[in-house]
Structure formats: structure tokens, C-alpha cells
Amino acid sequence: MPQTPHIETHFTSSAAVRDIVIGMSDGLTVPFALAAGLSGAVSASSIIVTSGLAEIAAGAIAMGLGGYLAARTDEEHYASEKAREHRETLEIPEEEAKEVAGIFRSYGLDEQQVHVVVEAIRSDRTRWVDFMMKFELGIEAPDPKRARTSAITIALAYIFGGLIPLSPYLLVPTVRIALIGSIVMTLLALLAFGYIKGRFTVKTPFRAALQTASVGGLAAAAAFTIAKWVS
Numbered sequence: 075m076p077q078t079p080h081i082e083t084h085f086t087s088s089a090a091v092r093d094i095v096i097g098m099s100d101g102l103t104v105p106f107a108l109a110a111g112l113s114g115a116v117s118a119s120s121i122i123v124t125s126g127l128a129e130i131a132a133g134a135i136a137m138g139l140g141g142y143l144a145a146r147t148d149e150e151h152y153a154s155e156k157a158r159e160h161r162e163t164l165e166i167p168e169e170e171a172k173e174v175a176g177i178f179r180s181y182g183l184d185e186q187q188v189h190v191v192v193e194a195i196r197s198d199r200t201r202w203v204d205f206m207m208k209f210e211l212g213i214e215a216p217d218p219k220r221a222r223t224s225a226i227t228i229a230l231a232y233i234f235g236g237l238i239p240l241s242p243y244l245l246v247p248t249v250r251i252a253l254i255g256s257i258v259m260t261l262l263a264l265l266a267f268g269y270i271k272g273r274f275t276v277k278t279p280f281r282a283a284l285q286t287a288s289v290g291g292l293a294a295a296a297a298f299t300i301a302k303w304v305s
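Count along the sequence shown from 1, add 74, and you get the number used in my numbering.
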């Protein structure tokens, strides 16, 4: 009897999605709050546009640099731990072998099976160190291009997100009308972004959409209120 082949559908691009989420969430929220706040204090769209573009540029650079440094830190941490594991397999091989055996015992293997597998693993030092990194420390080897990719992804996502709340001020000269357009566009973008993020991550897209829109709306309302009160 023919069988339908089993096809795995796991999502494996979590790092890229995380970078997009980081960039887009801040890109939508911070310039939106800034534009809304300035709308309560100034009457010229040009001031809001200039301030918004400056914030988007600075934010994209800062966020991208943060993503780059975070990825570089992961690389350095991995290299440091791998060097330590390699040194321990040379200096205290029996202790490291006991750790390997303990890992396999936790999976229910009997002593004979454990002995065979441990001897096979320790016969190749590179494989041994890689095994310890993954199963003892739970650290995967980072992508060597991760730092650059993360920086570019976060920065571009921030710029894209930031231009959405700012675009009405580029098209409409009246600040109040532009503010209304910015609120509508940004809330719709936050809802859509939150829904998509929820589909890829927590699997509750409607809740994620409402949470994302609520955070952005509260930030903008607070900024507008403070700016209006100060002015």
C-alpha cells in the first residue's frame, strides 16, 4: 500500500525573523511617537519631517550596530567555550568522557551501549569537542556572516518601519491632518506586523497584533500628551 511521504515543515529562520521584529517594532514605534509628540508642539510639517528623518537615520545606525555587536559577542563566546572544551579533552579526558556518558545515560542507553558510543565519540577529537559544545553546553556554531546580516536586516527594517508613520507628513502640509493619517497608517501597520509576527512565533497572531498596536498607540499618545502639555 503506497504511503504519503512525511514532509517536515519546521520553521528554521528564527534569527532573521528576530532581527526583522527588532527593527520593525522600534522603527514603527519610536518615529511614530516622535512625530505624534512634535505634532502637539509645532505647526510645521517640515520640522516634523526633518526631525523624523534624523531620528530614523540615527536609530537605524544604532540598532544595526547593536545587532552587529550582539552577533559578534555570540561568535566570541562560542570560540572561547570551544577552546576551553578542546583544552579539557586534552587535560582531563576521562572527566570529559564521563560527561559524555552521563548525557547518553539520560537518554536511557544501557552501559554497554554507552561505552561503545563514548569510545566512538572520543576517537575523533574534533567530533568530541563539537558534541560537548552542542549537548553539554547547548551552544550551536554561529553563522560567520551573522553579524553583518543582522546589522543590515535590523537597520533596513527600522528604516522601512520608520517611514510609515512619517510618510503622511511628507505628503500633507497640515500637521493635524497628517497626524490623523500617521495614526491610521501606523496602527494598521502595527496590526499587520503583529499578526505576521504572531504567525511565525507564538502562533497567536490576533493577540500579537493587538498587543503590538497597543504598545505603539500608548507610546504615541504619551508623547503627544507630554509635548502638548509642555508647549
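Glycine is no exception: its CB is placed at the ideal position from the N, C-alpha and C atoms.
Bear in mind that the values here come from a model prediction, so they are computed numbers and not experimental data.
Using only the alpha-carbon positions, how far apart do Glu-162 and Tyr-181 sit? 24 Å
Tell me whether the region 208 to 221 and the region 120 to 135 touch, counting them as touching only if at least three CB pairs, one residue from each stretch, are closer than 8 Å. no
Among Phe-234, Leu-284 and Asp-204, the one whose alpha carbon lies nearest that of Arg-158: Asp-204
Where Arg-273 and Val-188 are concerned, what is the direct C-alpha to C-alpha distance, given to the nearest angstrom? 41 Å
Proximity to Thr-260 [Cα-Cα], best of Leu-102, Ala-115 and Ala-89: Leu-102
Taking 8 Å as the cut-off, decide whether the C-beta atoms of Gly-290 and Phe-106 are in contact. yes
Based on Cα-Cα distance, which residue from Ser-99, Ala-90 and Ala-89 lies nearest to Phe-234? Ser-99
Taking just the CA atoms, how far does Ser-113 sit from Ala-296? 12 Å
So, does the region 171 to 179 touch the region 189 to 199, judging by three or more C-beta pairs under 8 Å? yes
Cβ-Cβ distance between Ala-231 and Gly-97 below 8 Å: yes
Can you give me the Cβ contacts of Ala-252 inside the same chain, cut-off strictly under 7 Å, excluding the 5 residues immediately before and after it? Ser-119, Pro-242, Tyr-243 and Val-246
Host alpha helix (DSSP H) of Gly-141 (start-end): 119 to 165
If you measure between the beta carbons of Pro-218 and Asp-148, is that distance less than 8 Å? no
Separation of Ala-144 from Leu-183, as counted between CA atoms: 38 Å
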